[in-house]
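Below is one structure; the comments refer to it alone.
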Amino acid sequence: MVQHNYYVYLLTSYDNSVFYVGVTNDLIRRVIEHKVHRNDGFTNQYGVNKLVYFETFSNVVDAIRREKQMKHYKRLWKVNLVNGVNAEWNDLSSQIGVTEEMLNNARTV
Numbered sequence: 009m010v011q012h013n014y015y016v017y018l019l020t021s022y023d024n025s026v027f028y029v030g031v032t033n034d035l036i037r038r039v040i041e042h043k044v045h046r047n048d049g050f051t052n053q054y055g056v057n058k059l060v061y062f063e064t065f066s067n068v069v070d071a072i073r074r075e076k077q078m079k080h081y082k083r084l085w086k087v088n089l090v091n092g093v094n095a096e097w098n099d100l101s102s103q104i105g106v107t108e109e110m111l112n113n114a115r116t117v
């Protein structure tokens, strides 16, 4: 049986002022979509495309439950969550495998 991974992720804006919580089965693809503004909506409107936190799940129901839970938490909780694992608030995109070449290719599609 094939093992699937699901991800709950937290994006923020360049100045860390706005948060977005999402869930996906392909974190690299989804981060690229955010970075190249593939879809209209909240993240494009507020310039939210910096990956600062993510969790991995093997069960989609657990991932969706966690996403909903995180969406209800206040900003301070999210700040503390990021500070606990990414105190510098670095963009984790390159650490998950997103490259400039991937971004450039996605921009031309």
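Position one of the sequence shown corresponds to residue 9 (this note's numbering), numbered consecutively onward. Just so it is clear, CB atoms sit at the ideal spot from N, CA and C, and this is done for glycine as well.
- Between residue 61 and residue 93, the C-beta gap is smaller than 8 angstroms, which places the two residues in contact.
- Taken in chain order, the complete beta strand (DSSP E) segments of 3 or more residues contained in the segment 30-78 are 56-65.
- If the five residues before and after residue 114 are omitted, its C-beta is found closer than 6 angstroms to the C-beta atoms of 40, 44, all from its own chain and listed in chain order.
- Spatial neighbours of residue 20 in its own chain (CB-CB distance under 7 angstroms, excluding positions within 5 residues in sequence) are listed in chain order as 26, 27, 56, 58, 60.
- Cβ-Cβ distances below 7 angstroms link residue 111 to 40, 43, 44 in the same chain, with the five nearest sequence neighbours on each side left out; the list follows chain order.
- Residue state for residue 25 is assigned as coil, using DSSP reduced to three classes.
- Within the DSSP secondary-structure output, residue 20 pairs in a beta bridge with 27, 58.
- By the 16-neighbour rule on beta-carbons within 10 angstroms, residue 84 is exposed.
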